[in-house]
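Trainee: Shown below is the structure under consideration.
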Amino acid sequence: MPDHLLLNQKKFFLDEIQHYSFRESIPIDGYEAKTLEFCKNWLQGVQEFAIQTSGSTGTPKWLELSRDRMEASAKRTLRLFDLQPEDRVLVCLNTEYIAGMMMLVRGFVGQLHMTIVEPSGNPLVRVDPASAFDFVALVPLQLQTILEQTPEKVGQLNRMKAILLGGAPVSKQLEKAVQALEVPVYQSYGMTETVSHVAVRRLNGAERTDSYTAPAEVTLGQDERGCLTIMADVTGGEVLVTNDRVEMIDAHSFKWLGRADNTINSGGVKVQLEKVESALEDALHQLGMSRRCFAAALPDESLGERLIAVLEGSPLADEEEQNLKGMLSEQLGKYEIPKQFGYLPRLPETATGKIDRRGGMALL
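Numbers in our numbering are just positions in the sequence shown, counted from 1, shifted up by 1056.
What follows is the structure, given as structure tokens:
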């Protein structure tokens, strides 16, 4: 079993973490202190952990997660990606939120070597170039940045057993880019309430798919809205009703359609905002104008709700907007095409790096 971990290139032995006896000998910053505090609590056998949700779909809230549920989730991930004792993992997501916190739990439960770095756009530039890792969890923007800014790191990625993406949708541009990678790349489905992912879909290679699959011990279903329900050990054996509209493929697989609260009614037609955003990203990329964006609605006297698109950066010229609408008309129906475009110099983000629709609309 590893007797230490690396945190921002500083070595901390597990026994000193457990007794929190390094404060005077090693200077630590705020992020390091919070990460080590969780590690200390885990090593001391604490049974309940308070964690805040990301707030990407509403007001952030605090949840209490039991050690049993966290261990069950970690073991499932270890099995799924064939992670063995002494394997090496890179922890580069915020350890105050579920994705980063569960990377720490996987490291302890699986007896893995952990290299932890403070979250950044390109975490690989913060580690020794000669370092080899077996597994990493990233947000899509991190992987996109690695591929675009440091293509020489592809070899380092390809030596891994798997890359897990989560926390935000994977753009069409990134999905195309990962086809060139040899390492299996997966997109996760999960949330704080499910203690990280409960289902994954393969993004590249021969096993590429557009549906998510959960293991047999996870029971999936749908409510009357067509939203996914989940029951598993990570939900405490209770049925968790999500706000995610899905199309069930079979008892353990589904296609994600979007959030129920992101369905608007425009002129009597239901429009799913995520579908519009996906088409928008694709059209912008094809026009050579890759920008971040989101779709939203404004009140409208005749339509009920008027669909708009908000783009990051300076406003497009009228001709460019018309070209963009023309591209969208090839993928979307009449009521799914934004009626107008709004612009913000930079789209606001939640604490976990997701685009904050509500914050963006408030700024607009």
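Glycine included, C-beta positions come from ideal geometry on N, C-alpha and C. Treat the numbers as computed from the prediction; the structure is a model and nothing was measured.
By DSSP, does residue 1068 sit in helix, in strand, or in coil?
Mentor: Of the three classes helix, strand and coil, the one that applies to residue 1068 here is strand, per DSSP.
Trainee: Is residue 1324 buried or exposed, if buried means 16 or more other CB atoms sit within 10 Å of its CB?
Mentor: Residue 1324 should be labelled exposed.
Trainee: Which same chain residues, not among the five before or five after residue 1029, have their C-beta less than 7 Å away from its C-beta?
Mentor: Nothing about residue 1029 can be reported from this structure: the residues present for the chain run from 1057 to 1420 only.
Trainee: Under the three-state reduction of DSSP, which class applies to residue 1087: helix, strand or coil?
Mentor: If DSSP states are grouped into helix, strand and coil, residue 1087 belongs with the helices.
Trainee: What residues match up with residue 1368 in a beta bridge as DSSP calls it?
Mentor: According to DSSP, residue 1368 bridges with 1400.
Trainee: Assuming residue 1341 is part of the alpha helix (DSSP H), what are its boundary residues?
Mentor: It spans 1329-1342 - the alpha helix (DSSP H) in which residue 1341 sits, taken as one unbroken run.
Trainee: Taking just the CA atoms, how far does residue 1254 sit from residue 1084?
Mentor: Looking at the two C-alpha atoms, the distance is approximately 34 Å.
Trainee: Relative to the C-alpha of residue 1395, which candidate in 1369, 1404 and 1358 has its C-alpha closest?
Mentor: The residue with the shortest Cα to Cα distance from residue 1395 is 1358.
Trainee: Between the alpha carbons of residue 1270 and residue 1308, how many angstroms are there, rounded?
Mentor: C-alpha separation (whole angstroms): 5 Å.
Trainee: Going by DSSP, what residue range makes up the beta strand (DSSP E) through residue 1374?
Mentor: Per DSSP, residue 1374 belongs to no beta strand (DSSP E); it is in the alpha helix (DSSP H), 1374-1385.
Trainee: Quick one: give me the first and last residue of the alpha helix (DSSP H) that residue 1196 is part of.
Mentor: It spans 1196-1205 - the alpha helix (DSSP H) in which residue 1196 sits, taken as one unbroken run.
Trainee: Give a yes or no on whether the C-beta atoms belonging to residue 1234 and residue 1245 are separated by under 8 Å.
Mentor: No.
Trainee: Does the stretch 1143-1158 come within contact of the stretch 1272-1288, defined as at least 3 CB pairs closer than 8 Å?
Mentor: No, they do not touch.
Trainee: Roughly how many angstroms separate the alpha carbons of residue 1274 and residue 1223, rounded to a whole number?
Mentor: Looking at the two C-alpha atoms, the distance is approximately 21 Å.
Trainee: Taking the straight line between their C-alpha atoms, what separation do you get for residue 1258 and residue 1077?
Mentor: Going by the C-alpha atoms only, they are around 43 Å apart.
Trainee: Among residues of its own chain, excluding the 5 on either side of residue 1217, which ones have a beta-carbon nearer than 8 Å to its beta-carbon?
Mentor: Same-chain partners within the cutoff: 1137, 1138, 1139, 1143, 1190, 1191, 1239 and 1240.
Trainee: Between which two residues does the alpha helix (DSSP H) holding residue 1413 run?
Mentor: Residue 1413 -> alpha helix (DSSP H) spans 1413-1419.
Trainee: Have a look at residue 1348 and residue 1207 and give me their C-alpha separation to the nearest angstrom.
Mentor: Approximately 22 Å between the Cα atoms of the pair.
Trainee: What did DSSP end up calling residue 1182 once you bin it into helix, strand or coil?
Mentor: DSSP places residue 1182 in helix when its eight states are reduced to three.
Trainee: Residues in its own chain within less than 7 Å of residue 1215 by CB, not counting five upstream and five downstream?
Mentor: Cβ neighbours of residue 1215 beyond the five flanking positions: 1188.
Trainee: What does a CB cutoff of less than 8 Å around residue 1057 pick up in its chain, not counting 5 residues either side in sequence?
Mentor: So the list reads 1141 and 1167, once near-sequence residues are dropped.
Trainee: Go to residue 1171, then tell me how far its beta strand (DSSP E) extends in each direction, as first and last residue.
Mentor: Taken as a continuous stretch (DSSP letters only), the beta strand (DSSP E) holding residue 1171 covers 1169-1172.
Trainee: Counting along the chain, where does the beta strand (DSSP E) carrying residue 1311 start and finish?
Mentor: Where residue 1311 is concerned, the enclosing beta strand (DSSP E) stretches over 1309-1315.
Trainee: Please classify residue 1069: is it buried, with 16 or more other beta-carbons within 10 angstroms of its beta-carbon, or exposed?
Mentor: It is exposed - the Cβ of residue 1069 has fewer than 16 other Cβ atoms within 10 Å.
Trainee: Alpha carbon to alpha carbon, how far is residue 1248 from residue 1107? Give it in angstroms, no decimals.
Mentor: The straight-line gap from Cα to Cα measures roughly 8 Å.
Trainee: Check whether the stretch 1166-1183 and the stretch 1116-1128 are in contact - that is, three or more C-beta pairs closer than 8 Å.
Mentor: No, they do not touch.
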